[in-house]
Amino acid sequence: MKPETPVTWGHVVLVLGTAFGLVVGWFGGEWLMPKSMQGMVLGVLGGFLVAGVSSWLLRRSLPEAYSVAIIGFPTAGKTTLITSMFDEVWKGRIRRLSFKPLGESTIDRLNSDLATLKSGKPLEPTTDQDKFAYTTRVRVPRFLGNRWFKLEIGDFPGQDSRSFAKEFGKWIHKTPYFKWAVTADAFVFVVDVAKIPRPIIKDGEGGPGDEVNTDGSNYVAEISASLRAAWQHLTEHHEERGRGISRKPVVLAFAKADLLAAPVTNNPEYGSADSVGGVAPLPPAEELDAEELAKGQQYAVETFDDLVRYLDSECRRFRVVFVTSCGLHGGARVGVEKLLSWILPR
Ligand SMILES: Nc1nc2c(ncn2[C@@H]2O[C@H](COP(=O)(O)OP(=O)(O)O)[C@@H](O)[C@H]2O)c(=O)[nH]1
Ligand SMILES: [Mg+2]
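The numbering used here puts the sequence shown at residues 1 to 346.
Below, the structure is given as structure tokens:
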């Protein structure tokens, strides 16, 4: 696919303006403005010309194809998150972006998954053996015009099971998905906040002594070790090929962040710890309590302190993002725009 650098009104104005400036500068043009002003005008127009040419060069240097690997345990919320990204863009909540899906499989899956989510049912677990990549054309805004490129978002496949979770770190680099992911331009590691141990709040009382999910601390240790191992395998593959990975954008995405803003009960109805091995309906979309969310986020980052520090020290472009497919802030899903702005080329 040839890079598209469409001629916009901005370019036309730039060329005409610069031509005008040159004519004024060349022929004196005292009949247009006093000589003292001509230098200033030429300077400004020269500045515009430099800005325009560099913007054009930058736009040309954007990759024409770009891929993002989503990596995480089964039921972490990956497929729902990817579907929500499209939904946010299509609902016009991320105005600067445009997504145009490519290919029958992407179009069919997205539309059927969106209909499922709208009906309040959970998505079927992703059963593709190798990988499923959502392919779409993306428009990103640039100075003086937009730029389109082809984006692939790889959805990590796999059926849910505890043994899978335990073997994840050892196993991931042997999968066909990993072979694809290793060439990706950006990486999103997804952590399920439903499985983080949190203090129980009963009848309005809460105590840090008690914890909700008995295997929650195992989950923190398991996923931290597994994601660290996955990152190390990715790094190793890059180094073997003499390529750098440290400059690629990496996100540690805490999915289902809506649960952090809600009090924890022993038997949460939605997205519970028991969802290892099962699926629960997505809670209805509603505005989140910002204060509760901030507290929950701090708790989650502290709980995953080791992993956060490790990835932060390894990757030059690392961010922690809290995302949810149903929790809203100002009418938009929390974290989705932030996630996209970090992983897509700017
Ligand atoms: N509370 C809550 N539950 C979610 C969210 N996203 C997904 N879930 C639930 O988590 C389960 C697994 O989601 P899915 O996207 O299929 O996970 P995947 O296996 O990582 O692709 C489903 O039961 C969803 O209803 C979310 O943002 N909030
Ligand atoms: Mg899935």
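We treat Cβ as the ideally placed atom computed from N, Cα and C, and that holds for glycine.
Check: residue i C-beta below 8 Å from any heavy atom of ligand 2
i	result
residue 125	yes
residue 78	yes
residue 74	yes
Any non-hydrogen atom of ligand 1 closer than 8 Å to residue i Cβ
i	result
residue 155	yes
residue 255	yes
residue 194	yes
residue 112	no
residue 18	no
residue 324	yes
residue 251	no
residue 280	yes
residue 258	yes
residue 327	yes
residue 190	yes
DSSP state of residue i mapped onto helix, strand, coil
i	result
residue 234	helix
residue 280	coil
residue 176	helix
residue 42	helix
residue 268	Because the pLDDT of residue 268 is 46, which lies under 50, any placement of that residue in the model is unreliable, and the number read from its coordinates should be weighed accordingly. Residue state, collapsed to three classes: coil.
residue 309	helix
residue 337	helix
residue 95	coil
residue 289	coil
residue 88	helix
Run of the beta strand (DSSP E) containing residue i, from where it starts to where it stops
i	result
residue 319	318–322
residue 186	186–192
residue 65	65–72
residue 141	132–142
residue 245	Neither: residue 245 is in no beta strand (DSSP E) and is coded neither H nor E.
residue 349	Within the shown structure, residues of the chain are numbered from 1 to 346, placing residue 349 beyond reach of any answer.
Proximity winner among the options, relative to residue i (alpha-carbon distances)
i	options	result
residue 103	227, 329, 150 and 120	150
residue 298	321, 314 and 81	321
residue 282	124, 250, 146 and 145	124
residue 53	145, 262 and 287	145
residue 293	311, 97 and 329	329
residue 344	66, 142, 84 and 333	66
residue 157	221, 90, 79 and 83	79
residue 198	131, 40, 236 and 300	300
Residue i: first and last residue of the uninterrupted alpha helix (DSSP H) it sits in
i	result
residue 104	104–118
Query - Touch test, the stretch 254–261 against the stretch 191–200, Cβ-Cβ under 8 Å, three pairs minimum - result: yes
Query raised in the report: Does the stretch 230–247 come close enough to the stretch 297–305 to have 3 or more Cβ pairs within less than 8 Å?
Result: no
Query raised in the report: Per the contact definition of three or more C-beta pairs closer than 8 Å, is the stretch 43–53 in contact with the stretch 14–23?
Result: yes
Query raised in the report: Quick check: the stretch 235–245 against the stretch 319–338, are there 3 or more CB pairs under 8 Å?
Result: no
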